[in-house]
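Enquirer: Have a look at this one before I ask anything.
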Amino acid sequence: MLGSQVTEMVIFICLMVLWAMYLTMYFTMNIWGTRMPQPRRWTVVDLWTTAMRTRETWARDLMDKAGNAQGEALLAVQQMRNLIVSCTLLVMGMAQIMGRLVVVMVSDSNLQTIVALCRKDPITGPNDSWAPPEVKVAVPFGATLLSLLCFGQSVRLAVHIGFSIRVQGIQHGKRGCEHYSGALVMVQRAELYFTLGLRFLYLFIATIFWVLGITALLVSCLTVLVLLVVSDVLVVPVHRDRAYSPAGTAIGHLAHEIASD
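Residue numbers (the working numbering): 8 to 268.
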């Protein structure tokens, strides 16, 4: 194995480990985030924990008021319908992408084009790449497939939630109903699968550039990760001040309460 090929392999492994570390950090921020010293004037909002608690509160309120078929129960069905429509649109787009990737993997001319592009890479060129072209297409294809499966599970749970809330209303919204706790778990699980589906979609966007070479993969992965950090890490004030907006202050107090639990 040539030195350039070893370099490419190390870069690819490091990027995948970096992705795994970031996902782990995002879903476990409620564990390690509370152990970090928090400044007095601002705090970091744990978006994942906030989302889970918000959906739990929303689900409990709907299940308690599920007897109102024209009110809260209808609102729940509409909310689940929005989730189903969003997942359906994303799946339709990914299905088109997966079809094109399959065509690339079975076409010798397209595979040879990928080999030629990789030989022009500033890091590995003019040597051949460490990974065959089929692997470079299979990696984003696998990310797309996992994303599709997660969105499919989210839709499946959303359908169950609509039925569970209506059945809860028929049984007069009794807290002891077997559908009560099940609906709470399904709401959170649907959000989990939807979030994972988006993360795998982001991974596809980053890894599809590997067909252009390891340099393009390195730039795309780091760019997507930076954009995710900017969008996922929300820093808000925790004290009232004239320089802060009322909305930002309210969010800051909520974030401070979550961080102190």
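We treat Cβ as the ideally placed atom computed from N, Cα and C, and that holds for glycine.
#1: Output the distance between the C-alpha atoms of Gly-189 and Ile-91, rounded to the nearest integer angstrom.
#2: Roughly how many angstroms separate the alpha carbons of Gly-149 and Leu-234, rounded to a whole number?
#3: Do Thr-61 and Met-36 have their beta-carbon atoms positioned less than 8 Å apart in this structure?
#4: Between the alpha carbons of Thr-14 and Arg-107, how many angstroms are there, rounded?
#5: Using alpha carbons as the reference points, say which of Asp-239, Ser-238 and Cys-228 lies closest to Val-24.
#6: Determine the closest residue to Leu-156 out of Met-16, Tyr-29 and Thr-95, with distance taken between C-alpha atoms.
#7: Going by DSSP, which residues form a beta bridge with Thr-50?
#8: If you draw a straight line from the alpha carbon of Ala-123 to that of Val-146, how long is it in whole angstroms?
#9: Where do the ends of the alpha helix (DSSP H) carrying Val-122 lie?
#10: Could you say if the segment 117-137 and the segment 211-223 meet the contact criterion of at least three C-beta pairs nearer than 8 Å?
#11: Using 8 Å as the threshold, is the segment 110-119 in touch with the segment 136-145, meaning 3 or more CB pairs across them?
#12: Using a Cβ-Cβ cut-off of 6 Å (strictly less than) and excluding sequence neighbours within five positions of Pro-140, which residues of its own chain qualify?
#13: State the DSSP-derived secondary structure class of Trp-137, mapped to helix, strand or coil.
#14: Identify the continuous alpha helix (DSSP H) that holds Thr-31 and give its terminal residues.
#15: Just confirm the distance between the C-beta atoms of Val-243 and Thr-50, as a whole number of angstroms; I'd bet it's less than 8 Å.
#16: Please report how far the alpha carbon of Leu-191 lies from the alpha carbon of Val-166, in whole angstroms.
#17: When burial is assigned at 16 or more other CB atoms within 10 Å of the CB, is Asp-128 buried or exposed?
#18: I need the straight-line Cα distance from Ile-271 to Ser-11, nearest angstrom please.
#19: Please name the residue in Ser-171, Phe-207 and Pro-133 whose C-alpha comes closest to that of Ser-154.
Expert: Considering the structure as presented:
#1: 19 Å
#2: 22 Å
#3: no
#4: 29 Å
#5: Cys-228
#6: Thr-95
#7: Val-243
#8: 19 Å
#9: 115-125
#10: yes
#11: yes
#12: Leu-118, Ile-121 and Val-122
#13: coil
#14: 10-34
#15: 7 Å
#16: 14 Å
#17: buried
#18: Given that the chain is displayed from residue 8 to residue 268, the structure contains no residue 271 and the question cannot be resolved.
#19: Phe-207
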